[in-house]
DNA sequence: GTTTAGGGTTAGATGGGTCTAAATCGGTGT
DNA sequence: ACACCGATTTAGACCCATCTAACCCTAAAC
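Protein chains in written order, with this note's numbering: chain A, 89 to 314; chain B, 89 to 314.
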């Protein structure tokens, strides 16, 4: 099946929205994610439905079919492998890789994908801690980690994934010690969602507005310490 | 100026045709190179003319303007840097790099270009021996080497460039010792253009049909030997 | 100089991806 | 139950890159 770059982008966006929220993805959510208008999304969804890549219920949103999910996983694999490769071998900072990977993800061959995976020794996560789908494109488990907003004062957690894409936000997080692998002690969770934490990496505390904190996924420290 | 990938392809094709033959490039030559029909080429040439990238004389072909040439050089630089990178760092064979570079050349950022050039230490030629335009995009000298078909029995030459793109042809040439840097002793130039030569690299002789030989560019050995 | 073959251009259609404006659906609140 | 508001779809348009069919120009042959 011959898919355009744009179609792949829609499938990837739907996949990622299905990961964040659930089930049916609405037209407007896709429109926001891809920065197009909703009529544009509607007409694209019709095409994807014709090709059997999404299940659609008019006025109620879409879900990916198995076939659509496989395509999305392929694109996500390309994207995350590229991000990993760019940081490992071309000296990119994690804050910069997203945009470059977005440009390239649709234009690499299967051969290129395999060589990159090989050069990286089949990595399991990208520089943001996001899991890289395996070569067989089996749907991975996406339940790893919870948003840091779900924890409370005093909890100590390990950062698993920083799923933001904005270079400025990522640079800020890095300079304040919020990166995959670091320990975070939760100092405060404000009623409006802002999380303040202390990183094991830096001296100063960090405050993360809700929008940012939502993308920081963490797991509780195996054994707690006061 | 925002150019589409396709426009870049046209400019690159015109640039390369201007290198091979001369001056005005005809519609049909571009159509052959890009595998589209001639009306398609005509309409694209009109667009490129509107943007000041080509000079066009109806029914008589086009030439690149300075601006058009700069765009073409940028694309060619991307292409050849990618070819070099793929062979150096991702273990590609020289016969395979062209297709991959063609896919990627329009989709890398200036930053990526710079990082690749840096990783390769600003290379001057790609794996086929073709010169890589410098970062300032000044038009390079394209007179290096002459086609091997212009030599005669007994001449000894050094291969500078193998400008073919067909993987099968390139594999064949490599296994018969025809690659940039090797010495070739011309054994015969048949009236229909076929060149037979002996490579300094291999024992067996190679025969190159005219179409292939035309792409093998060589320079005479500094000091001749019988 | 006229003819003619071959290539170039014009005309008109198609499909992809996008938009704006207008119509319509569906859930919420009364 | 019903009206309303916000979200969705329909309708109609546009631009890009491409095609086929038909027409026309150029240059070479006579």
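For every residue, glycine included, the Cβ atom is placed at its ideal position computed from N, Cα and C.
Within the DSSP secondary-structure output, residue 250(B) pairs in a beta bridge with 304(B). Sequence-distant Cβ neighbours of residue 253(A) in its own chain, meaning closer than 7 Å and more than five residues away, are 186. Where residue 286(B) is concerned, there is no enclosing alpha helix (DSSP H), although the beta strand (DSSP E) around it starts and stops at 283-287.
Those residues of the segment 197-224 of chain A placed with their C-beta closer than 9 Å to a C-beta in chain B are 197, 199, 200, 203, 204, 206 and 207, ordered along the chain. Taking each of 178(B), 95(B), 256(B) and 113(B) in turn and checking the Cα distance to residue 139(B), the smallest one comes out for 95(B). Here the alpha carbons of residue 290(B) and residue 156(B) stand approximately 43 Å from one another.
Here residue 288(B) is exposed, its C-beta having fewer than 16 other C-beta atoms within 10 Å. The Cβ of residue 161(A) sits no closer than 8 Å to any Cβ of chain B. Within the same chain, 132 come within 6 Å of residue 98(B) by CB-CB distance, once the 5 residues on both sides are set aside. Residue 144(B): not part of any alpha helix (DSSP H); member of the beta strand (DSSP E) spanning 142-145, first to last residue. Between residue 184(A) and residue 255(A), the C-beta gap is smaller than 8 Å, which places the two residues in contact. Close partners of residue 292(A) in chain B (Cβ separation under 8 Å) are lacking, with about 30 Å as the shortest Cβ gap.
Contact of residue 192(B) with chain A is assigned, a C-beta pair being separated by under 8 Å. The three-state reading of DSSP puts residue 271(A) in strand, counting E and B together. Cβ neighbours of residue 303(A) within its own chain (closer than 7 Å, five residues either side excluded): 250, 251 and 252.
In the structure shown, residue 179(B) falls within a coil segment according to DSSP collapsed to helix, strand and coil. By the CB criterion at 8 Å, residue 246(B) and residue 307(B) fall inside the cutoff. The C-beta of residue 103(A) has 16 or more other C-beta atoms within 10 Å across all chains shown, which makes the residue buried.
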